[in-house]
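In what follows, a single structure is set out as structure tokens and then discussed.
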Amino acid sequence: MRYKVISFDADGTLVDHQFSHIVWFEKIPERYAEKNGLGIDDARSELFRQFGTVGDENPDWFSLDYWFHRLGLGDTSSFLEEIKGLEILYPEVEEVLEMLGAEHRLIVTSNAPKEFLDIELKSIEDRFDQIFSVPSHLRMVKKDPRSYQKVCSLLGVEAGEVVHVGDRWFDDVDSPSKAGITAVHLDREDQGNSDSVVNLKEFGKRVLELEGNGFQ
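Each number in the working numbering corresponds to the 1-based position in the sequence shown with 4 added.
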């Protein structure tokens with residue numbers, strides 16, 4: 005069979021986790037510390053306590069606008085300018101997108117807020133038919149299989165015509181699988197799971213093998 009759509013997670017799949025780590029663990033705590041006269045460790049602890057009151061099954065947990073409003077950190081515009089340039093694509097990304105994009109529709113299905121994806125994927129955004137921030141665009145989270153069903157509906161395809169790859173088991177494998185999508189786990193640390201791939205070139209090979217083609 006040939007898949008019509010190939011879906012990619014963003015952070016940890018297309019873009020190094022460094023971006024989200026610096027934003028949530030360094031940049032936002034620094035702003036919160038400055039506003040409230042706290043040391044950075046105390047600010048970070050208080051922020052994580054507040055994050056925990058929302059939880060990652062709520063789309064607001066992923067929303068920069070929500071947290072800036074709740075924490076009184078002001079407008080997000082200057083902050084977004086500040087974090088531009090922190091994004092790092094994994095080295096094989098552009099080659100694999102070019103290869104797979106020749107005969108497939110490529111999309112992104114991510115829990116990152118739209119504002120972050122606009123920055124992280126700026127250099128490759130033209131490669132994708134659609135870039136979905138599940139919390140921003142759908143007001144859902146990827147852990148909910150219905151989010152993947154909604155993406156399929158918006159694209160006008162059946163779940164069986166889609167393959168998704170990502171590095172988080174529940175968000176990128178368990179959930180899409182429950183929605184009927186073929187899901188491939190990306191394990192860049194190569195922890196020895198034979199069903200996983202260690203980079204996107206291996207994923208490309210897996211897809212084309214499933215379709216009965218080769219991959220150089």
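Glycine included, C-beta positions come from ideal geometry on N, C-alpha and C. Bear in mind that the values here come from a model prediction, so they are computed numbers and not experimental data.
On a Cα-Cα basis, can you pick out the residue from 72, 171 and 21 that is closest to residue 13? Working through the sequence shown from its first residue, we reach residue 13 at position 9. The shortest C-alpha separation from residue 13 is found at 171.
At 4 residues or longer, what runs of the alpha helix (DSSP H) sit wholly inside the stretch 31-110? Runs of the alpha helix (DSSP H) lying entirely within the stretch 31-110, each at least 4 residues long, are 32-40, 44-58, 68-75, 81-87 and 97-105 in chain order.
Counting Cβ pairs closer than 8 Å, one from the stretch 130-147 and one from the stretch 27-42, do we hit at least three? Flag = no, the stretch 130-147 and the stretch 27-42 do not touch.
Going by CA-CA distance only, name the one from 211, 103 and 122 that's closest to residue 81. Translated into positions along the sequence shown, residue 81 becomes position 77. Among 211, 103 and 122, the Cα nearest to that of residue 81 is on 122.
DSSP-derived helix/strand/coil call for residue 141: Along the sequence shown, read from residue 1 onward, the residue named residue 141 stands at position 137. Note: residue 141 maps to helix in three-state DSSP.
According to DSSP, is residue 161 part of a helix, a strand, or is it coil? Translated into positions along the sequence shown, residue 161 becomes position 157. In the structure shown, the three-state DSSP call for residue 161 is coil.
Could you check how far apart the C-beta atoms of residue 3 and residue 19 are, in whole angstroms? I think they sit under 8 Å. Since the displayed the chain opens at 5 and closes at 220, residue 3 lies outside it and no answer follows.
Contact under 9 Å by Cβ, residue 10 with residue 167: Looking up residue 10 in the sequence shown gives position 6. Looking up residue 167 in the sequence shown gives position 163. Result yes, Cβ atoms of residue 10 and residue 167 sit closer than 9 Å.
Reduced DSSP category for residue 208 - H, G, I as helix; E, B as strand; rest coil: Within the sequence shown, the letter at position 204 stands for residue 208. Three-state DSSP puts residue 208 in a helix.
Report the three-state DSSP secondary structure of residue 134 (helix, strand or coil). Here residue 134 refers to the residue found at position 130 when the sequence shown is read from its first residue. Taken through DSSP and simplified to helix, strand or coil, residue 134 comes out as strand.
What does a CB cutoff of less than 7 Å around residue 105 pick up in its chain, not counting 5 residues either side in sequence? Translated into the one-based positions of the sequence shown, residue 105 becomes position 101. For residue 105, same chain residues with a beta-carbon under 7 Å away, outside a window of 5 residues either side, are 131 in chain order.
Between residue 54 and residue 60, what straight-line distance do the alpha-carbon atoms span, to the nearest angstrom? Sequence index remark: in the sequence shown, residue 54 carries index 50 (1-based). Sequence index remark: in the sequence shown, residue 60 carries index 56 (1-based). Using only the alpha carbons, I get a separation of about 12 Å.
For the beta strand (DSSP E) that residue 128 lies in, which residues bound it at each end? Residue mapping note: residue 128 aligns to position 124 of the sequence shown, counting from 1. Run containing residue 128: none; DSSP gives neither H nor E here.
Since residue 68 contacts residue 119 with CB under 8 Å, what's their CB separation in whole angstroms? Counting from 1 along the sequence shown, the entry for residue 68 is found at position 64. Counting from 1 along the sequence shown, the entry for residue 119 is found at position 115. Sure, about 6 Å apart at Cβ, within 8 Å.
Taking DSSP as the reference, what is the three-state secondary structure of residue 18? Locating residue 18 in the sequence shown gives position 14, counting from the first residue. Here residue 18 sits in coil by DSSP.
Simplified DSSP state of residue 123, which is helix, strand or coil: Counting from 1 along the sequence shown, the entry for residue 123 is found at position 119. In this structure, residue 123 counts as helix in the three-state DSSP scheme.
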